[in-house]
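The structure appears right after this line, and notes come after that.
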Amino acid sequence: MSQLPDLRLVKIVEYASQYEAAAVEAAQAELARRCLEQWQLEELKAILRQEAARKQSSKDLQDRVEREMLVQARSAGKLLNPFTESRSLTITRLLSLYLLASWSYFLLKEWSLITFLVSVPPATWDFLVLWVIITLILLPVTAVLLWRTAIQGWILATAYFLQACIGAGLSVYWNWHSMAFTSFREFFPETQVYFSVIQFFLNLAVLLYLNRPGVRALFAMDRHRWLRSLAIALAICLPLGLILIQ
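Be aware that the sequence shown starts at -6, since it is given in my numbering, and climbs by one per residue.
Right, here's the structure in full:
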């Protein structure tokens, strides 16, 4: 403490809550030993107040600039658009090719169903058939929009990978309960659900990648807003999960 300047000692005493009690006591003892006049102490405190005011002013300015940038980003559609980062272009186009490959595989897999649908009236189609048709239409559209880095492509791709992630997770869940396994050691070799597990984590990774801005905003969120958002998400997801389980 004897080597610290007067201003630093006064700062330790004034902001005692930010320092350990032993450091505060040592600073007080050192100031008493130096026998500073009252006017000298007041000058040092005034300097500290000026520094604090400058820091607060700088923080307010930074917050104001960030708010203005946020407003501009929202107006330009960039808040939700992860394609503003140049390094994401290659991966985005690879995802587009992956979606086209998935569409081709889906087309071949459901080809018999498609040829059957041509011969029956649309009034006889059920929900599953409509889902197949919607998927066949939206997958290439999503791939093209994603290739062109359009915001609509991001929205459709997010929806696709979200449902793929949920589907893979439900596949694992239903296999577990239908076969009545008691341990994962029995579960995986018997049901061969490795593909579903890998698919779940891959789709989850792509989903998080597509929503990088949202993930960053989530981790940058203060604790109270984060807990509020978590409570809202649980309030929405838990009833749906209970319905699916039953």
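Virtual Cβ for every residue (Gly too), placed ideally from N, Cα, C.
Here the structure is a predicted model, which is why all the values come from computation and not from measurement.
- Assignment of T142 by DSSP, reduced to helix, strand and coil, places it in the coil class.
- The beta carbon of V137 lies closer than 8 Å to those of S89, G146 in the same chain, with the five residues before and after it left out.
- For S105, the enclosing alpha helix (DSSP H) starts and ends at 104 to 111.
- In its chain, beyond the 5 residues on either side, K38, L41 have a beta carbon closer than 7 Å to the beta carbon of E7.
- Beyond the five residues adjoining it in sequence on each side, F154 comes within less than 6 Å, by CB distance, of N196, V199, L200 in the same chain, given in chain order.
- By the neighbour-count definition (other C-beta atoms within 10 Å, threshold 16), K4 is a buried residue.
- Only residues of its own chain outside the window of five on either side were considered, and among them none has a CB closer than 7 Å to the CB of W32.
- The shortest CA-to-CA distance from E44 to any of R27, A224, R1 is the one to R1.
- Counting along the chain, E18 sits inside the alpha helix (DSSP H) bounded by residues 14 to 27.
- Shown here for Q192: same chain residues with a beta carbon closer than 6 Å to its own, the five before and five after excluded, namely A161 in chain order.
- If you check the CB distance, S95 and L139 do not come in under 8 Å.
- Counting along the chain, L0 sits inside the alpha helix (DSSP H) bounded by residues -1 to 7.
- 8 Å or more divides the Cβ of F109 from the Cβ of L129.
- It is roughly 21 Å from the alpha-carbon of L163 to the alpha-carbon of E103.
- The C-beta separation of L149 from V134 comes to about 7 Å, placing the pair in contact by the 8 Å criterion.
- Between E18 and I144, the alpha-carbon positions lie close to 59 Å from each other.
- Cβ-Cβ distances below 7 Å link A20 to M(-6), L2, I5, V6 in the same chain, with the five nearest sequence neighbours on each side left out; the list follows chain order.
- Closest by C-alpha distance to L(-3), out of Y91, L93, R26, I159, is R26.
- Spanning the alpha carbons of L54 and V125 requires a straight line of approximately 53 Å.
- Remark: C-beta atoms of T142 and T85 approach each other more closely than 8 Å.
- Inter-residue distance for I107 and A224 is about 43 Å (C-alpha atoms, whole angstroms).
- Out of A157, L203, Y202, the CA that lies nearest to the CA of F188 is found in A157.
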